[in-house]
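Student: Got a structure for you, written out below as structure tokens; questions coming shortly.
Protein chains: 2
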Amino acid sequence: MITIKDIAARLQVSPSTVGRALADDARISAAMKQKVQEVANELGYVANRAARMMRGVSSNLVGLVVPDIRNSFYSTIAHALSKCLEQEGYQLTLSETDDDRQTELRQIRELTSANVAGIIIVPSAKPHAESVRLLGMTPHIQLLRKHASLGEQWFGIDDVQALYQPTRHLVDLGHRRIAYIGSSAELPTGAARLKGFREALAGAGSPCEGIEELGAPGSSEFARDALRRMLALPAPPTALVVGSVLHTFSVLEELLASGVSVPERLSVAGFSDELAFRWWGPGLTTVGLPVSELATACGLWFVHRMKQKVPSGAPYSSISPPTLIVRGSTRRHP
Amino acid sequence: MITIKDIAARLQVSPSTVGRALADDARISAAMKQKVQEVANELGYVANRAARMMRGVSSNLVGLVVPDIRNSFYSTIAHALSKCLEQEGYQLTLSETDDDRQTELRQIRELTSANVAGIIIVPSAKPHAESVRLLGMTPHIQLLRKHASLGEQWFGIDDVQALYQPTRHLVDLGHRRIAYIGSSAELPTGAARLKGFREALAGAGSPCEGIEELGAPGSSEFARDALRRMLALPAPPTALVVGSVLHTFSVLEELLASGVSVPERLSVAGFSDELAFRWWGPGLTTVGLPVSELATACGLWFVHRMKQKVPSGAPYSSISPPTLIVRGSTRRHP
DNA sequence: GTGAAAGCGCTAACAG
DNA sequence: CTGTTAGCGCTTTCAC
Numbered sequence: 001m002i003t004i005k006d007i008a009a010r011l012q013v014s015p016s017t018v019g020r021a022l023a024d025d026a027r028i029s030a031a032m033k034q035k036v037q038e039v040a041n042e043l044g045y046v047a048n049r050a051a052r053m054m055r056g057v058s059s060n061l062v063g064l065v066v067p068d069i070r071n072s073f074y075s076t077i078a079h080a081l082s083k084c085l086e087q088e089g090y091q092l093t094l095s096e097t098d099d100d101r102q103t104e105l106r107q108i109r110e111l112t113s114a115n116v117a118g119i120i121i122v123p124s125a126k127p128h129a130e131s132v133r134l135l136g137m138t139p140h141i142q143l144l145r146k147h148a149s150l151g152e153q154w155f156g157i158d159d160v161q162a163l164y165q166p167t168r169h170l171v172d173l174g175h176r177r178i179a180y181i182g183s184s185a186e187l188p189t190g191a192a193r194l195k196g197f198r199e200a201l202a203g204a205g206s207p208c209e210g211i212e213e214l215g216a217p218g219s220s221e222f223a224r225d226a227l228r229r230m231l232a233l234p235a236p237p238t239a240l241v242v243g244s245v246l247h248t249f250s251v252l253e254e255l256l257a258s259g260v261s262v263p264e265r266l267s268v269a270g271f272s273d274e275l276a277f278r279w280w281g282p283g284l285t286t287v288g289l290p291v292s293e294l295a296t297a298c299g300l301w302f303v304h305r306m307k308q309k310v311p312s313g314a315p316y317s318s319i320s321p322p323t324l325i326v327r328g329s330t331r332r333h334p
Numbered sequence: 001m002i003t004i005k006d007i008a009a010r011l012q013v014s015p016s017t018v019g020r021a022l023a024d025d026a027r028i029s030a031a032m033k034q035k036v037q038e039v040a041n042e043l044g045y046v047a048n049r050a051a052r053m054m055r056g057v058s059s060n061l062v063g064l065v066v067p068d069i070r071n072s073f074y075s076t077i078a079h080a081l082s083k084c085l086e087q088e089g090y091q092l093t094l095s096e097t098d099d100d101r102q103t104e105l106r107q108i109r110e111l112t113s114a115n116v117a118g119i120i121i122v123p124s125a126k127p128h129a130e131s132v133r134l135l136g137m138t139p140h141i142q143l144l145r146k147h148a149s150l151g152e153q154w155f156g157i158d159d160v161q162a163l164y165q166p167t168r169h170l171v172d173l174g175h176r177r178i179a180y181i182g183s184s185a186e187l188p189t190g191a192a193r194l195k196g197f198r199e200a201l202a203g204a205g206s207p208c209e210g211i212e213e214l215g216a217p218g219s220s221e222f223a224r225d226a227l228r229r230m231l232a233l234p235a236p237p238t239a240l241v242v243g244s245v246l247h248t249f250s251v252l253e254e255l256l257a258s259g260v261s262v263p264e265r266l267s268v269a270g271f272s273d274e275l276a277f278r279w280w281g282p283g284l285t286t287v288g289l290p291v292s293e294l295a296t297a298c299g300l301w302f303v304h305r306m307k308q309k310v311p312s313g314a315p316y317s318s319i320s321p322p323t324l325i326v327r328g329s330t331r332r333h334p
């Protein structure tokens with residue numbers, strides 16, 4: 001392994017000179033910097049990260065903490081961030097929490113002890129106090145979900161709108177008994193989406209009945225059961241809005257399995273625009289979310305922040321709007 | 001930051017005793033280990049990775065190098081590996097290559113200079129010579145794709161079977177003009193799949209015409225164009241087999257867009273079993289691949305190898321079988 | 001402008 | 001069984 005000492009010996013100068021030259025220190029002559037660079041390249045010198053880190057410089061590692069990478073939401077994010085950060089010499093590490101605060105804490109512990117340059121996190125419903133403390137010591141940005149305790153640096157989508165729009169669309173189509181299957185209101189996003197749903201109902205000209213079922217997005221069974229319960233009601237809903245990608249998948253499965261005719265018997269609006277949603281039955285009406293753009297914006301901001309060396313970071317929030325995509329699964333209520 | 005010195009001071013012993021106790025050294029009394037553990041927990045001691053790494057111990061980082069994490073193949077792998085390695089205290093880092101050898105090289109450079117414990121890689125078609133050299137110095141395992149130059153540690157699926165089975169299925173259904181849209185034969189997997197396709201044709205009782213189109217899996221347009229060309233032939237195929245997930249998505253898109261009736265006009269067999277394939281039209285006949293199991297096996301093996309401290313690793317290959325899943329998109333040729 | 005020297009926290013060789 | 005000591009490669013005073 002080539003060290004600065006080797007370069008120093010080769011040039012008959014001291015290691016510190018070489019170190020400074022490499023760090024582009026102002027006190028070193030341009031000529032010397034030039035020579036050092038040449039020899040470094042010639043010898044194939046690569047700085048020893050461990051040694052550098054030990055001197056307090058943080059690593060080039062950026063931790064991405066998400067519930068589950070298999071969710072296309074998060075893999076899209078991982079892709080965009082990876083692209084963005086790679087260009088600036090950062091390396092992305094992946095941590096999955098399964099939406100479990102203990103796991104989340106373990107992952108954050110791991111990351112901080114690895115001296116990461118920063119953490120980009122989709123926090124769980126109620127982060128552990130210790131997680132909050134550890135994140136406080138590390139530059140971090142929240143993505144999608146926002147938790148007050150984790151600071152004010154956040155990139156997300158307008159979750160209220162993301163449910164207001166499809167619900168409003170159904171209201172405008174004349175539906176007056178509308179069901180909602182969404183993720184738990186304990187999650188900040190879940191609460192916001194529920195709010196969007198309710199606001200749209202409240203904004204209807206005439207009284208509008210909302211049938212709500214909330215459950216953890218992790219359990220694929222929940223949404224299917226909820227749907228079955230709803231359809232078995234004495235007065236079943238004429239339309240359904242779903243408030244999470246995973247639940248949308250489950251709902252679509254169940255609709256096919258139980259042979260409910262869409263949109264004749266039930267109008268359905270999904271969440272997020274997966275490729276497969278276009279194929280499903282008559283095509284699924286849904287909200288498109290600029291996830292990739294969001295992640296890129298987040299990555300750019302992160303890099304910017306690191307360069308400015310403003311560790312704590314002033315409050316900054318970015319909110320991206322959803323877009324309603326109307327397909328065949330929703331129609332006017334007779 | 002809490003160091004072993006702090007613990008040592010607290011217990012009135014030397015730092016090395018603490019270090020050894022923490023490392024579970026045989027020479028330290030159980031009583032002492034116990035006490036050290038207690039104080040360590042109490043003080044919230046976390047080992048300094050940088051310092052440890054500088055002493056030659058490799059990091060707990062494992063590099064996962066894949067073409068594109070948005071491909072569900074790879075996100076499934078990332079998930080399984082992350083789970084598997086996390087339990088053993090490893091941290092997964094994510095690198096994307098876009099199937100480009102230069103990018104691949106950059107990523108591998110990055111990983112080796114970060115002193116990763118190992119690399120799990122889905123190699124590109126023709127890895128750079130320098131990539132080969134660098135991987136030679138680092139414990140690594142190939143996943144899915146196998147490149148002779150990168151050694152003999154490989155976990156993959158039986159790609160020949162993965163195409164033999166659906167093709168054979170179509171042959172058995174009486175089809176005698178069968179099209180294949182697959183990934184470039186430059187990729188080891190592409191070549192094996194093509195082989196499987198051809199073998200199935202050759203094994204037909206009567207002469208069987210194969211119409212082949214191979215293209216990079218990256219370009220979503222390729223498969224759609226190829227399909228259009230095939231359908232415009234004077235004697236169009238009566239059945240189609242697809243040899244990559246991404247191409248399958250494109251083909252399904254194009255079939256819907258151009259209104260080809262499946263399976264009446266064309267029987268179609270896809271690659272890999274995405275959730276959405278069940279929804280598509282009459283349900284897509286396809287091959288199921290045990291990707292998650294494969295990745296878990298790979299992760300377990302990796303951990304095992306690290307523990308045994310057998311850095312180079314004897315040749316080891318594991319090959320997983322595909323399963324044909326018959327749905328509505330294929331039927332007997334009239 | 002450059003050099004000498006002191007560590008960062010940990011491990012490991014060498015002493016007891 | 002435990003303590004002493006010497007670094008790993010780098011950054012960073014403090015000297016000149």
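For the record, the sequence lines run as chains A and B. Numbering-wise, UniProt numbering puts 214 at position 214 of the first sequence, and it's gapless, one number per residue. Numbering-wise, UniProt numbering puts 213 at position 213 of the second sequence, and it's gapless, one number per residue. Using N, Cα and C, we set each Cβ at its ideal position, and we do this for glycine too. All values derive from a computational prediction rather than experimental measurement.
According to the neighbour-count rule (16 or more other Cβ atoms, all chains shown, within 10 Å of its Cβ), is Leu-214(A) buried or exposed?
Tutor: If you number the first sequence from 1, residue 214(A) lands on position 214. By the neighbour-count rule (16 or more Cβ atoms within 10 Å), Leu-214(A) is buried.
Student: So Ser-82(B) is in the beta strand (DSSP E); what residue range does that whole segment cover?
Tutor: One-based indexing of the second sequence puts residue 82(B) at position 82. Run containing Ser-82(B): none in the beta strand (DSSP E); it sits in the alpha helix (DSSP H), 72 to 86.
Student: Could you pull out every residue in the same chain whose Cβ sits closer than 6 angstroms to the Cβ of Ser-58(B), ignoring the five residues on either side in sequence?
Tutor: Within the second sequence, the letter at position 58 stands for residue 58(B). Asn-115 and Ala-117.
Student: When burial is assigned at 16 or more other CB atoms within 10 Å of the CB, is Leu-294(B) buried or exposed?
Tutor: Translated into positions along the second sequence, residue 294(B) becomes position 294. Its Cβ being crowded by 16 or more others within 10 Å, Leu-294(B) is buried.
Student: Is Thr-248(A) helix, strand or coil when you go by DSSP?
Tutor: Residue numbering aside, residue 248(A) sits at position 248 when the first sequence is read from its first letter. Of the three classes helix, strand and coil, the one that applies to Thr-248(A) here is helix, per DSSP.
Student: Using a Cβ-Cβ cut-off of less than 9 angstroms, give me the residues of the region 242 to 271 of chain A that come near chain B, in sequence order.
Tutor: The residues in question are Phe-249, Leu-252, Glu-253 and Leu-256.
Student: Check the Cβ of Thr-238(A) against every Cβ in chain B and list those closer than 8 angstroms, keeping chain order.
Tutor: For the purposes of this step, residue 238(A) is taken as the residue at position 238 of the first sequence. Correct list: empty, because the minimum Cβ distance to chain B is about 23 angstroms.
Student: Residue 339(A) and Gly-243(A) look like a contact to me (Cβ under 8 angstroms); what is the Cβ gap, rounded to whole Å?
Tutor: Beyond the ends of chain A as shown, which are 1 and 334, falls residue 339(A); an answer cannot be given.
Student: For the alpha helix (DSSP H) containing Gly-136(A), name the first residue and the last one.
Tutor: For the purposes of this step, residue 136(A) is taken as residue 136 along the first sequence, with counting starting at 1. Taken as a continuous stretch (DSSP letters only), the alpha helix (DSSP H) holding Gly-136(A) covers 129 to 136.
Student: Using the rule of at least 16 other Cβ atoms within 10 Å of the residue's Cβ for burial, across every protein chain shown, is Glu-254(B) buried or exposed?
Tutor: The residue labelled residue 254(B) in the question sits at position 254 within the second sequence. Flag for Glu-254(B) reads buried.
Student: Kindly list, in the order they appear in chain A, the residues whose Cβ is closer than 9 angstroms to that of Gln-91(B).
Tutor: Translated into positions along the second sequence, residue 91(B) becomes position 91. Going along chain A in sequence order, the residues near Gln-91(B) (Cβ under 9 angstroms) are Leu-61, Gly-63, Thr-93, Leu-94, Ser-95, Gln-107, Glu-110, Leu-111 and Ala-114.
Student: What does His-140(B) pair with, by DSSP beta-bridge criteria?
Tutor: Residue mapping note: residue 140(B) aligns to position 140 of the second sequence, counting from 1. Looking at the DSSP assignment, His-140(B) forms a beta bridge with Ile-119(B).
Student: From the DSSP output, in three-state form, read off Ala-185(A) for me.
Tutor: To locate residue 185(A), count along the first sequence from 1; it is residue 185. Of the three classes helix, strand and coil, the one that applies to Ala-185(A) here is coil, per DSSP.
Student: Would you mind sorting Gln-87(A) into buried or exposed? The rule is 16 or more other CB atoms within 10 Å of its CB.
Tutor: By one-based count along the first sequence, residue 87(A) stands at place 87. Result: exposed.
Student: Taking the Cβ atom as the reference point for each residue, do Cys-298(A) and Leu-81(A) lie within a distance shorter than 8 angstroms?
Tutor: Indexing the first sequence from 1 puts residue 298(A) at position 298. Indexing the first sequence from 1 puts residue 81(A) at position 81. Contact: yes.
Student: Can you give me, in chain order, the residues of the UniProt domain "HTH lacI-type" (2 to 56) of chain A that have a beta carbon less than 9 angstroms from any beta carbon in chain B?
Tutor: Those would be Val-46, Ala-47, Asn-48, Arg-49, Ala-50, Ala-51, Arg-52, Met-53, Met-54 and Arg-55, in chain order.
Student: On a CA-only basis, which of Arg-177(A), Val-160(A) and Thr-17(A) is nearest Leu-144(A)? Give me that one, please.
Tutor: Numbered from its first residue, the first sequence carries residue 144(A) at position 144. Closest by alpha carbon: Val-160(A).
Student: Does any C-beta atom of chain A lie closer than 8 angstroms to the C-beta of Arg-101(B)?
Tutor: Position 101 of the second sequence holds residue 101(B). Chain A, which has no Cβ nearer than 8 angstroms to the Cβ of Arg-101(B), makes this no.
Student: Exposed or buried, Ala-235(B), counting other C-beta atoms within 10 Å across all chains shown (16 or more means buried)?
Tutor: Along the second sequence, one-based indexing puts residue 235(B) at 235. That one is exposed.
Student: If you reduce the DSSP assignment to three classes, tell me which class Val-18(B) lands in.
Tutor: Counted from its first residue, the second sequence places residue 18(B) at position 18. Three-state DSSP puts Val-18(B) in a helix.
Student: Beta-carbon of Ser-75(A) versus every beta-carbon of chain B: anything under 8 angstroms?
Tutor: One-based indexing of the first sequence puts residue 75(A) at position 75. Chain B, which has a Cβ nearer than 8 angstroms to the Cβ of Ser-75(A), makes this yes.
Student: Taking the alpha-carbon positions, what's the Leu-284(A) to Ser-95(A) distance?
Tutor: Position 284 of the first sequence holds residue 284(A). Position 95 of the first sequence holds residue 95(A). Distance between the alpha carbons of Leu-284(A) and Ser-95(A) is about 32 angstroms.
Student: Check the DSSP bridge columns for Thr-285(B) and list the partner residues they point to.
Tutor: Position 285 of the second sequence, counted from the first residue, corresponds to residue 285(B). Per DSSP, Ala-269(B).
Student: Out of Gln-107(A), Ala-276(A) and Phe-271(A), point me to the one whose CA is closest to Pro-290(A)'s CA.
Tutor: Reading the first sequence from its first residue, position 290 is the one you call residue 290(A). Nearest C-alpha to Pro-290(A): Phe-271(A).
Student: Compare the C-alpha of Arg-109(A) against each of Pro-67(B), Ile-181(B), Gly-44(B) and His-79(B) and name the closest.
Tutor: Counted from its first residue, the first sequence places residue 109(A) at position 109. The candidate whose alpha carbon is nearest that of Arg-109(A) is Gly-44(B).
Student: Do Asn-60(A) and Gly-89(A) have their C-beta atoms within less than 8 angstroms of each other?
Tutor: Position 60 of the first sequence, counting from 1, holds the residue named residue 60(A). Position 89 of the first sequence, counting from 1, holds the residue named residue 89(A). A contact, by the Cβ cut-off of 8 angstroms.
Student: Is Asp-172(B) closer than 8 angstroms to Pro-322(B) when the C-beta atoms are compared?
Tutor: Within the second sequence, residue 322(B) is the residue found at index 322, counting from 1. Within the second sequence, residue 172(B) is the residue found at index 172, counting from 1. No, the pair does not count as a contact, with Cβ atoms beyond the cut-off.
Student: Give me the DSSP bridge partner(s) of Ala-162(A).
Tutor: Along the first sequence, read from residue 1 onward, the residue named residue 162(A) stands at position 162. Paired residue(s): none; Ala-162(A) is not in a bridge.
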